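S.K.: Heads up: the protein sequence lines correspond to chains A and B, in order.
Following my numbering, the numbering of the first sequence begins with 37 at its first residue and continues without gaps.
Following my numbering, the numbering of the second sequence begins with 37 at its first residue and continues without gaps.
Cβ atoms here follow ideal geometry from the backbone N, Cα and C, with glycine treated the same way.
Being a predicted model, the structure only gives us computed values, none of them experimental.
I'd like to ask some things about the structure below.
2 protein chains.
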Amino acid sequence: MIIDRLYEAVEKKGPVCVGLDTSLDYIPKDFLNKFVSPYDALFEFNKRIIDATEDAVACFKVQIAYYEALGIEGMKVYSKTVKYLKSRGNIVIGDIKRSDISDTAKMYARAYFEGDFEVDLITVNPYMGIDSIMPFLEYVDKEKGIFVLVKTSNPSCKDLQTLYAGEKRVFERVYDFLKPYIEKSLGKYGYSPIGAVVGCTNSDEALDIRKKLNGMFFLIPGYGAQGGGAEDVKRLLVDGNGGVVNSSRGILLAYKKYEDDFDIAARKEVLRMREEIINAI
Amino acid sequence: MIIDRLYEAVEKKGPVCVGLDTSLDYIPKDFLNKFVSPYDALFEFNKRIIDATEDAVACFKVQIAYYEALGIEGMKVYSKTVKYLKSRGNIVIGDIKRSDISDTAKMYARAYFEGDFEVDLITVNPYMGIDSIMPFLEYVDKEKGIFVLVKTSNPSCKDLQTLYAGEKRVFERVYDFLKPYIEKSLGKYGYSPIGAVVGCTNSDEALDIRKKLNGMFFLIPGYGAQGGGAEDVKRLLVDGNGGVVNSSRGILLAYKKYEDDFDIAARKEVLRMREEIINAI
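Structure below.
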């Protein structure tokens, strides 16, 4: 099961997830200028980041919006990047946050669990309820999994997610409708391939959330550039596992902090971040 | 403003929206077999549907999941289809249901309001709150608009959308956080370019919903194949305007009902549906 493999990757290499939310603006000018096509530069930038960090991270997350923004050529780079990641044996999360009615969700499942855009896990949005999520669960036996948006790290998560609907907040209600499927699909380490996106910028609630979302492996965004730190994430982990901690800009733009080549700087930042999290635990 | 143009299109041509949720399976075999590439067949199928119906419909909605499911080649057909629609002066809704934090939502705005995938209006998911929606509103002056998922037509909309959070249901809370922006952006017919996706299969609540979501133009899915009918939609419209009624499979697969060529059948179905809705009003 994919979530067992992810758990094992965290045990072996630590909980860092490298976010390839790569904007063309992030690529150093001198590197960009070596290429005739900016799309080739984009792929090569990703490739170097991957090569420099893969031995020290649990997985990679590719934020598809940055590639969609570049149109067809951008989608080709997305496809090349996820294929390269998989060819190297890395676990890949497609951060796509899709959601739709059942027939359409089937198409999204086909798009991201098969073919050009295939990844191991995807993020999905729960607003339309369980029948918008079921089509993805049909791929659990094919080594696929999902992270459902539960409690995000942006300020306006309060607009819906933390409202009380009866005695529970809306995001807890997401857990409630997923729970029967989570309990049926627990892997050998106690986690289901139905994971949760839980932002790390709300540390006061972190312990409570970790306890409530029992059986869900966490994808934790918001480390670094979005303001979260090691103290915030440690409460979302259990003995340093049960979740991966994503950093995107912090790693991609590390060359501005270390004044090294971008790939060397990215590696330094990954190692620093991993140490910081492990020390906090 | 785009929503004024859409209102005028409904006044002139009626409230039907053709949904180009085109699966390769929907294309008649004899037509498909005329093409070396199934992707060419897919585009030509869409083109014929467009040519046969555009004078009798308010707009078109292209469900991107069906194209993403076909990978890069599918995305090219999506791009060709929306460009063709726009070249003919049609109003195009990209049914993409995207959502993400502000920086990422900016990328989605760029992807679907500019470049290869450009459309006039897109659907967006409100689960992450107002700051995930703001980046799209920056394009209002550029003749763009959005339909926010408010109350969908699938059975499990009850999992979150219709839960009571205090005295209001979750979907009404979506309206609440959008309201200041809706009120600031009303067009000359009283509708904002911040519209709502409201499913038509819950007719009991329809009048109440129409009243509560004041200022929002409706995109109403679920007509035909998903079970909604004219009596259901009339309560979501105001004097036959203020919304468009989407049908996808009902139109694309009309050739199975009428035993005509698929484009002629699609046109018959559009005219039948339009008459049915207008008669109900």
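1) Within the segment 70-102 of chain B, note down every full beta strand (DSSP E) run reaching 3 residues or more, in order along the chain.
2) Could you tell me which of B/Ala232, B/Leu222, B/Pro51, B/Gly55 sits nearest to valine 93 of chain B, measuring between CA atoms?
3) Given a limit of 7 Å on CB to CB distance, which residues of the segment 97-126 of chain B reach chain A?
4) Are at least three pairs of beta-carbons, each pair with one atom in the segment 186-200 of chain A and one in the segment 209-221 of chain B, less than 8 Å apart?
5) Using a cut-off of 9 Å between C-beta atoms, extract the partners of methionine 164 of chain B located in chain A.
6) Would you mind working out which of A/Glu311, A/Ile287, A/Cys95 sits nearest valine 118 of chain A, comparing C-alpha positions?
7) Quick check on the DSSP output: the alpha helix (DSSP H) that includes glycine 288 of chain B runs from which residue to which?
8) What residues of chain B sit near phenylalanine 213 of chain A, judged by a beta carbon separation below 9 Å?
9) If we ignore side chains and look at the alpha-carbon of each, how far apart do phenylalanine 71 of chain B and leucine 288 of chain B end up?
10) One question on the structure: do lysine 116 of chain A and phenylalanine 79 of chain A come within less than 8 Å of each other, judged by their Cβ atoms?
11) Buried or exposed, going by whether 16 or more other CB atoms sit within 10 Å of the CB of asparagine 315 of chain B?
12) Where does glycine 181 of chain A sit, in a helix, a strand or coil, going by DSSP?
13) Return the first residue and the last residue of the beta strand (DSSP E) that methionine 309 of chain B is part of.
14) So, using beta-carbon positions, are glycine 181 of chain B and leucine 222 of chain B closer together than 8 Å?
15) Spatial neighbours of lysine 390 of chain B within its chain, please: CB distance less than 8 Å, with the 5 preceding and 5 following residues excluded, ordered by chain position.
16) Relative to the C-alpha of threonine 58 of chain A, which residue among A/Met309, A/Arg271, A/Leu121, A/Val98 is closest?
17) Which word fits leucine 243 of chain B, buried or exposed, when buried means at least 16 other C-beta atoms lie within 10 angstroms of its C-beta?
18) Kindly provide the ranges of any beta strand (DSSP E) runs that are 3 or more residues long and lie completely inside the segment 98-156 of chain B, ordered along the chain.
19) Check methionine 170 of chain A in the structure and name its three-state DSSP category.
20) Show which residues of chain B have a CB atom less than 7 Å away from the CB atom of alanine 201 of chain A.
21) How far does the beta strand (DSSP E) with proline 229 of chain B in it reach, from first residue to last?
22) How about the segment 222-236 of chain B and the segment 38-46 of chain B: do they share at least three Cβ pairs that are nearer than 8 Å?
23) Please work out which residues of its chain come closer than 6 Å, Cβ to Cβ, to tyrosine 291 of chain B, disregarding the five sequence neighbours upstream and downstream, and give them in chain order.
24) Roughly how far, in whole angstroms, is the beta-carbon of proline 191 of chain A from the beta-carbon of aspartate 167 of chain B, given that I think they are within contact range, below 8 Å?
25) Identify which residue in A/Asp66, A/Ile169, A/Ile158 has its Cα closest to the Cα of proline 216 of chain A.
26) Residues of chain A with a CB under 7 Å from the CB of arginine 146 of chain B: which are they?
27) In terms of residues, what are the limits of the beta strand (DSSP E) holding isoleucine 39 of chain A?
M.R.: By the coordinates alone:
1) 95-99
2) Numbered from its first residue, the second sequence carries residue 93 of chain B at position 57. The residue with the shortest Cα to Cα distance from valine 93 of chain B is B/Pro51.
3) Gln99, Ala101, Tyr102, Glu104, Ala105, Gly107, Ile108, Met111, Lys112, Ser115
4) yes
5) Stepping through the second sequence from its first residue, residue 164 of chain B is reached at position 128. In chain order: Lys133, Asn161, Leu185, Thr188, Asn190, Ser192, Cys193, Asp195, Leu196, Gln197.
6) As a position in the first sequence, residue 118 of chain A is number 82, starting the count at 1. The option with the nearest alpha carbon to valine 118 of chain A is A/Cys95.
7) As a first step, residue 288 of chain B is located in the second sequence; it is residue number 252 there, counting from the start. Note on identity: in this sequence residue 288 of chain B is leucine, with glycine being the wrong assignment. Taken as a continuous stretch (DSSP letters only), the alpha helix (DSSP H) holding leucine 288 of chain B covers 285-288.
8) In the first sequence, the residue the question calls residue 213 of chain A occupies position 177. Those are Ser192, Asp195, Leu196, listed as they occur along chain B.
9) Counting from 1 along the second sequence, the entry for residue 71 of chain B is found at position 35. Counting from 1 along the second sequence, the entry for residue 288 of chain B is found at position 252. Rounded to the nearest angstrom, the two C-alpha atoms are 19 Å apart.
10) Walking along the first sequence from the start, residue 116 of chain A turns up at place 80. Walking along the first sequence from the start, residue 79 of chain A turns up at place 43. Yes, the Cβ-Cβ distance between lysine 116 of chain A and phenylalanine 79 of chain A is below 8 Å.
11) The residue given as residue 315 of chain B occupies position 279 in the second sequence. Exposed, by the Cβ-count rule.
12) Mapped onto the first sequence, residue 181 of chain A falls at position 145. If DSSP states are grouped into helix, strand and coil, glycine 181 of chain A belongs with the strands.
13) Numbered from 1 along the second sequence, position 273 holds the residue referred to as residue 309 of chain B. Element bounds for methionine 309 of chain B: not the beta strand (DSSP E) but the alpha helix (DSSP H), 298-316.
14) For the purposes of this step, residue 181 of chain B is taken as the residue at position 145 of the second sequence. For the purposes of this step, residue 222 of chain B is taken as the residue at position 186 of the second sequence. Against a cut-off of 8 Å, the Cβ pair of leucine 222 of chain B and glycine 181 of chain B comes out as no contact.
15) Past the boundaries of the shown model lies residue 390 of chain B; chain B is included only from 37 to 317, so the question cannot be answered.
16) Counted from its first residue, the first sequence places residue 58 of chain A at position 22. Per the Cα distances, A/Val98.
17) Within the second sequence, numbered from 1, the residue matching residue 243 of chain B stands at position 207. That one is exposed.
18) 128-134
19) Position 134 of the first sequence, counting from 1, holds the residue named residue 170 of chain A. The answer is helix: DSSP assigns methionine 170 of chain A an H, G or I state.
20) As a position in the first sequence, residue 201 of chain A is number 165, starting the count at 1. Within chain B, the residues near alanine 201 of chain A are Leu199, Tyr200, Ala201, Val206.
21) Residue mapping note: residue 229 of chain B aligns to position 193 of the second sequence, counting from 1. From DSSP, the beta strand (DSSP E) with proline 229 of chain B extends over 228-234.
22) yes
23) Locating residue 291 of chain B in the second sequence gives position 255, where the first residue counts as 1. Excluding residues within five positions, the ones whose Cβ falls inside 6 Å are Phe298, Ala301.
24) As a first step, residue 191 of chain A is located in the first sequence; it is residue number 155 there, counting from the start. As a first step, residue 167 of chain B is located in the second sequence; it is residue number 131 there, counting from the start. Right, their Cβ atoms sit about 6 Å apart.
25) By one-based count along the first sequence, residue 216 of chain A stands at place 180. It is A/Ile169 whose Cα lies nearest to the Cα of proline 216 of chain A.
26) Residue 146 of chain B sits at position 110 when you count from the first residue of the second sequence. By Cβ distance, chain A contributes Ala105.
27) Sequence index remark: in the first sequence, residue 39 of chain A carries index 3 (1-based). Segment 38-49 is the alpha helix (DSSP H) holding isoleucine 39 of chain A; no beta strand (DSSP E) there.
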